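S.K.: Residue numbering for the sequence shown follows numbering that gives the first Met the number 0, starting at 0 and increasing by one per position. Backbone N, C-alpha and C fix where the C-beta goes; we use that ideal spot for every residue, glycine too. Model, not experiment: these values are computed from the prediction.
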Amino acid sequence: MNPHMLAQLLVQLIVIIGVSRLIGRGARWLGQPLVIAEVVAGIALGPSLLGWLAPDAMHWLFPPESMPFLKMLAEVGLVLFMFLIGLELDPKLLKGRGHASVAISHSSIVVPFALGAAAGALWLYKSLSSPDVPFSSFVLFMGVSMSITAFPVLARILTERGLMQSKLGAIAIACAAVDDVTAWCILAFVVSLVRASDLAHAGLTTLFALLYIGFMLLLVKPFLARLGARVANREGLTQNVVAITLILLLASAWTTEYIGIHSLFGAFMFGAVIPKEGGLAAALAEKLEDVAVVLLLPVFFAFSGLRTQMGLLDTPEAWLTCGVIIVLACLGKFGGSAVAARLTGLRWKEAGAIGVLMNTRGLMELIVLNLGLDLGVISPTLFTMMVIMALVTTFMTTPLLRLLYSPEDLARERLVQTPEAPLPPSAYTVLLCVSHGQAGPGMAVLSRALAGERNEANLYALHLLSPERSLKARADEALDPSAASGGALAPLVGRAEKLGLSLRTLSFVSSEPARDICRTAQAKRADLVLLGWHKPLFSQTVLGGTVHEVMQEAGGTVAVLVDRGLSQVRRVLVPFVGSRHDRAALGLARRLVKQAGAEVTVLHVTSPEGAGAGRAQVEELFPADEGAAVKLKVVRHASPEEAALEEAKAGYDLVVVGLGAEWGLEDRLFGVQRERIVRDAPGSLLLVRHPEGATVLAQTPEGARTQGSSPETTPSVGARS
């Protein structure tokens with residue numbers, strides 16, 4: 000490999016990963032799993048799009064002499080990925096669900112296998128194959144390619160939709176696990192049959208495959224169990240342990256390649272026999288997954304895309320054939336799974352969802368199709384048709400599942416499962432949304448001040464899990480959902496316990512964090528949604544991204560805590576010009592006075608020629624018995640933001656400020672400049688937004704909610720600059 004080819008390969012990797020992640024943002028916006036984006040990116044870089052729009056650019060980026068290197072890199076990536084799939088398969092997933100899972104999964108293999116084999120025998124072999132391809136090999140391969148289910152894609156969809164903990168999700172993931180093992184065993188047999196020169200060689204290959212499986216189960220598995228125990232009890236996952244594991248993985252892949260059933264089966268089998276207890280499987284997945292999934296797997300998708308030629312489907316008959324293949328694939332997989340699920344006792348809604356999920360093919364289908372193309376069993380035209388079928392069946396899964404299980408229904412089901420102690424219906428409710436652990440301690444201190452010494456508040460801590468978590472993390476969540484969010488919520492929970500604060504935790508996977516926060520707030524009837532803040536990677540604004548989306552969609556007050564070491568809430572500053580956001584900030588300040596005994600300074604800013612008229616509105620929210628703790632300070636200034644900053648430097652624990660252009664605070668999706676009051680204020684800030692048209696809720700001393708004047712009926716509070 001000369002230096003020029005190395006430079007070419009590096010450029011290819013940059014383009015492949017960049018395009019995959021870029022299209023992935025669009026796929027996430029459409030609610031699709033990342034694998035859809037990676038497949039589309041691969042096709043876009045191939046002759047179907049880039050080669051059609053700019054053939055010279057495609058030839059420069061992917062010259063024919065570079066393809067062998069790209070193929071080898073893709074093969075290594077697949078070996079590592081199939082090892083990770085084997086690691087993800089945990090026998091505990093089948094506990095208590097074996098009978099139903101085996102019945103459904105086998106039906107979802109037998110029915111599409113029969114339809115695919117029949118279509119291959121009666122129709123496709125004559126029109127899309129060549130006489131050089133053995134009839135039996137073609138028929139068997141078509142049956143296998145129709146019966147594959149994508150276990151990793153299905154697991155990701157289940158976690159994104161919040162179904163992993165449901166009965167439906169448990170059965171679906173168990174069915175996919177059984178389906179994967181069965182289908183790969185059948186595929187290994189078909190590959191051995193294709194590669195063998197005659198029936199005697201095929202029988203010999205099968206015998207060697209059985210000996211290999213026995214060797215892995217009887218000798219390698221016990222050794223790996225001892226290795227896993229050593230990792231758990233002594234030095235942990237060292238480089239020597241990783242080296243031993245990789246050597247055994249490559250040896251297993253080489254063995255199955257040598258005996259004729261392909262290296263991918265050896266990688267999958269080795270991952271499956273590694274014990275899931277003791278931490279070895281989890282540690283290996285943590286070490287290897289990012290490299291395999293982010294760097295090497297997109298290379299396989301790009302290589303598949305370069306082999307997918309939409310231009311081969313150049314007649315109406317070809318597209319009709321492709322459509323019939325898609326219909327047969329859906330009919331066999333969906334029909335076989337749904338009917339079998341109904342016969343095992345599931346309702347039609349659940350059975351239909353099982354059918355939709357088992358019809359997901361994704362990455363596993365592409366692996367099978369590339370095997371068929373490499374072996375010469377299928378033609379490039381049939382390969383393209385089957386790739387389109389894999390895309391369509393994967394793309395349709397999420398919208399169909401959304402129709403059967405709407406996000407609102409799932410949110411209600413999650414909240415019904417949340418154990419709660421009875422609280423008065425009038426209790427003040429706060430939803431604390433934590434994305435990073437660093438926001439936890441400050442949010443606990445503020446919650447203590449809002450709840451008071453007698454815990455007169457209903458507090459929920461919500462952590463939303465990213466769908467782009469590791470394969471092992473998703474499998475662990477299927478067995479223990481509480482473990483997934485422990486890291487982010489631990490600082491908040493720990494500080495809350497020290498403060499004697501009663502707190503309930505909620506956690507689930509979300510691909511739409513802003514909407515799920517608003518749905519949860521609505522279901523819990525939250526008076527306040529409190530968001531933690533951390534410095535964004537690119538944007539300079541506090542009020543962009545997810546914060547902006549929550550503020551736009553929430554039906555109640557939303558506040559963002561900018562924590563700069565908040566340890567107590569004694570001295571509070573509230574800048575005020577009279578907007579609805581300022582009134583909401585005053586409402587929160589009143590609660591801090593009542594519950595925490597805070598001393599509040601209301602800074603009413605008027606223009607130099609205006610007159611201060613803020614006392615009436617302040618007294619409206621602060622009755623006489625609380626007014627002693629409130630100091631009204633009227634300041635004439637051309638810039639309210641400057642006046643607030645000058646006063647904030649007087650040593651306040653917390654500045655509670657409403658959104659508004661007068662304070663340099665406007666929620667926007669993208670931010671170029673960071674808000675000055677956030678940048679320059681020395682202490683912690685609470686940025687408050689109240690939705691237009693809603694009324695400001697305050698808390699009476701007795702604990703019942705009272706309604707202040709709506710913004711439309713509030714008299715003017717001085718002239719604004």
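1) Quick one, are the C-beta atoms of A301 and Q594 less than 9 Å apart?
2) Quickly, what does DSSP pair H462 with across the bridge? List them, please.
3) So within the segment 42-73, which uninterrupted alpha helix (DSSP H) runs reach at least 4 residues, ignoring any that extend past its ends?
4) Does the segment 276-288 come close enough to the segment 99-119 to have 3 or more Cβ pairs within less than 8 Å?
5) Where does A456 sit, in a helix, a strand or coil, going by DSSP?
6) Return the CA-CA distance between G717 and L153, expressed in angstroms with no decimal places.
7) How far does the alpha helix (DSSP H) with G168 in it reach, from first residue to last?
8) Look at the alpha carbon of G596 and the alpha carbon of K523, and state the distance between them as a whole number of angstroms.
9) With distances taken Cα to Cα, identify the nearest neighbour of L461 among S405, V528 and L86.
10) When the Cα atoms are used, what is the spatial distance from G25 to V18?
11) What residues in its chain sit with their C-beta under 6 Å from that of I16, if we drop five residues either side in the sequence?
12) For a test of the three-state rule: what should DSSP assign to A595, helix, strand or coil?
13) Would you call the segment 643-651 and the segment 562-582 in contact, with 3 or more CB pairs under 8 Å?
14) According to the neighbour-count rule (16 or more other Cβ atoms, all chains shown, within 10 Å of its Cβ), is T383 buried or exposed?
15) Leaving aside the five residues before and after R563 along the sequence, list all residues of the same chain whose C-beta is less than 7 Å from its C-beta, in chain order.
16) Have a look at A584 and A282 and give me their C-alpha separation to the nearest angstrom.
17) Taking the beta carbon of A474 as the centre, do at least 16 other beta carbons fall within 10 Å, making it buried, or is it exposed?
18) When you compare only the Cα positions, how much space is there between F68 and E87?
19) Please report how far the alpha carbon of G531 lies from the alpha carbon of A643, in whole angstroms.
20) Report the option in G23, A426 and G270 whose CA atom is closest to the CA atom of R453.
21) Which stretch, first to last residue, makes up the beta strand (DSSP E) that contains L686?
22) In the structure shown, what three-state DSSP assignment does V376 receive?
23) Excluding sequence positions up to five away, which residues of its chain have a Cβ less than 8 Å from the Cβ of A201?
24) I'd like to know whether the C-beta of A525 is nearer than 9 Å to at least one C-beta of chain B.
25) Are the segment 132-148 and the segment 111-121 in contact at 8 Å, needing three or more beta carbon pairs?
26) By how many angstroms is the C-alpha of F264 removed from the C-alpha of D373?
27) For A680, which of helix, strand or coil comes out of DSSP?
28) DSSP three-state call for I558: helix, strand or coil?
29) Just the C-alpha distance for I172 and Y651, rounded to the nearest angstrom, thanks.
30) Could you please give the first and the last residue of the uninterrupted alpha helix (DSSP H) stretch that includes R574?
31) Taking the alpha helix (DSSP H) that L283 falls in, what are its first and last residues?
32) Take the Cβ of Y459 as the centre, count every other Cβ of all protein chains shown within 10 Å, and call the residue buried at 16 or more, exposed below.
33) Which value, in whole angstroms, describes the spacing of the CA atoms of L478 and K166?
34) Please report how far the alpha carbon of R747 lies from the alpha carbon of P32, in whole angstroms.
35) By the three-class DSSP mapping on this structure, what secondary structure does T605 have?
36) Using only CA atoms, which one of S606, V272 and V508 lies nearest to F222?
M.R.: Result, derived from the coordinates:
1) Working through the sequence shown from its first residue, we reach residue 301 at position 302. Working through the sequence shown from its first residue, we reach residue 594 at position 595. It is not a contact, given that the beta carbons lie outside the stated cut-off.
2) Residue mapping note: residue 462 aligns to position 463 of the sequence shown, counting from 1. According to DSSP, H462 bridges with S506.
3) 49-52 and 54-60
4) no
5) For this step, residue 456 is matched to residue 457 along the sequence shown. Strand.
6) For the purposes of this step, residue 717 is taken as the residue at position 718 of the sequence shown. For the purposes of this step, residue 153 is taken as the residue at position 154 of the sequence shown. Because G717 carries a pLDDT of 33, less than 50, the predicted location of this residue cannot be relied on, and the following value inherits that uncertainty. One C-alpha to the other measures close to 59 Å.
7) Counting from one through the sequence shown, the residue named residue 168 turns up at place 169. Here the alpha helix (DSSP H) through G168 covers K166 to R194.
8) Walking along the sequence shown from the start, residue 596 turns up at place 597. Walking along the sequence shown from the start, residue 523 turns up at place 524. Going from the Cα of G596 to the Cα of K523 covers about 27 Å.
9) As a working note, residue 461 is residue 462 in the sequence shown. The shortest C-alpha separation from L461 is found at V528.
10) By 1-based counting over the sequence shown, the position of residue 25 is 26. By 1-based counting over the sequence shown, the position of residue 18 is 19. Cα to Cα, the separation comes out at about 11 Å.
11) The count along the sequence shown starts at 1 and reaches residue 16 at position 17. Closer than 6 Å at Cβ, skipping near neighbours: P297.
12) Translated into positions along the sequence shown, residue 595 becomes position 596. Helix.
13) yes
14) Your numbering for residue 383 matches position 384 in the sequence shown. With 16 or more other Cβ atoms within 10 Å, it is buried.
15) If you number the sequence shown from 1, residue 563 lands on position 564. Excluding residues within five positions, the ones whose Cβ falls inside 7 Å are G682 and S683.
16) If you number the sequence shown from 1, residue 584 lands on position 585. If you number the sequence shown from 1, residue 282 lands on position 283. A584 and A282: Cα-Cα distance of roughly 47 Å.
17) On the sequence shown, residue 474 is found 475 positions in, with the first residue counted as 1. Residue placement at A474 is poorly supported in this model, since its pLDDT is 49, which falls under 50; the coordinates are not used for a value here.
18) Translated into the one-based positions of the sequence shown, residue 68 becomes position 69. Translated into the one-based positions of the sequence shown, residue 87 becomes position 88. F68 and E87: Cα-Cα distance of roughly 29 Å.
19) Counting from 1 along the sequence shown, the entry for residue 531 is found at position 532. Counting from 1 along the sequence shown, the entry for residue 643 is found at position 644. Rounded to the nearest angstrom, the two C-alpha atoms are 22 Å apart.
20) To locate residue 453, count along the sequence shown from 1; it is residue 454. Checked all of G23, A426 and G270; the closest Cα to R453 is A426.
21) Mapped onto the sequence shown, residue 686 falls at position 687. S683 to R688 is the span of the beta strand (DSSP E), which, as asked, contains L686.
22) Along the sequence shown, one-based indexing puts residue 376 at 377. Looking at V376 - three-state DSSP - the assignment turns out to be coil, as it is neither helix nor strand.
23) Within the sequence shown, numbered from 1, the residue matching residue 201 stands at position 202. If we look at A201 and ignore the five residues flanking it on each side, its Cβ neighbours are S191, L192 and A195.
24) Protein chains in the displayed structure number just one, and chain B is not present.
25) yes
26) Along the sequence shown, one-based indexing puts residue 373 at 374. Along the sequence shown, one-based indexing puts residue 264 at 265. Looking at the two C-alpha atoms, the distance is approximately 16 Å.
27) The residue labelled residue 680 in the question sits at position 681 within the sequence shown. If DSSP states are grouped into helix, strand and coil, A680 belongs with coil.
28) The count along the sequence shown starts at 1 and reaches residue 558 at position 559. The sequence shown places Ala at residue 558, not Ile. Strand, per DSSP.
29) Numbered from its first residue, the sequence shown carries residue 172 at position 173. Numbered from its first residue, the sequence shown carries residue 651 at position 652. One C-alpha to the other measures close to 53 Å.
30) Locating residue 574 in the sequence shown gives position 575, where the first residue counts as 1. In the sequence as presented, Arg is not what sits at residue 574; that position holds Pro. It is not in any alpha helix (DSSP H) - P574 instead sits in the beta strand (DSSP E) that spans R570 to F575.
31) Reading the sequence shown from its first residue, position 284 is the one you call residue 283. Per DSSP, L283 belongs to the alpha helix (DSSP H) from L279 to D289.
32) By one-based count along the sequence shown, residue 459 stands at place 460. Flag for Y459 reads buried.
33) On the sequence shown, residue 478 is found 479 positions in, with the first residue counted as 1. On the sequence shown, residue 166 is found 167 positions in, with the first residue counted as 1. For L478, the predicted model reports a pLDDT of 45, less than 50, meaning its position is unreliable; a value from the coordinates is still stated below. Straight-line Cα distance between these residues: approximately 13 Å.
34) Nothing can be reported for residue 747, as the shown portion of the chain is limited to 0 through 720.
35) If you number the sequence shown from 1, residue 605 lands on position 606. In this structure, T605 counts as strand in the three-state DSSP scheme.
36) Walking along the sequence shown from the start, residue 222 turns up at place 223. Of the candidates S606, V272 and V508, the one whose C-alpha sits nearest the C-alpha of F222 is V272.
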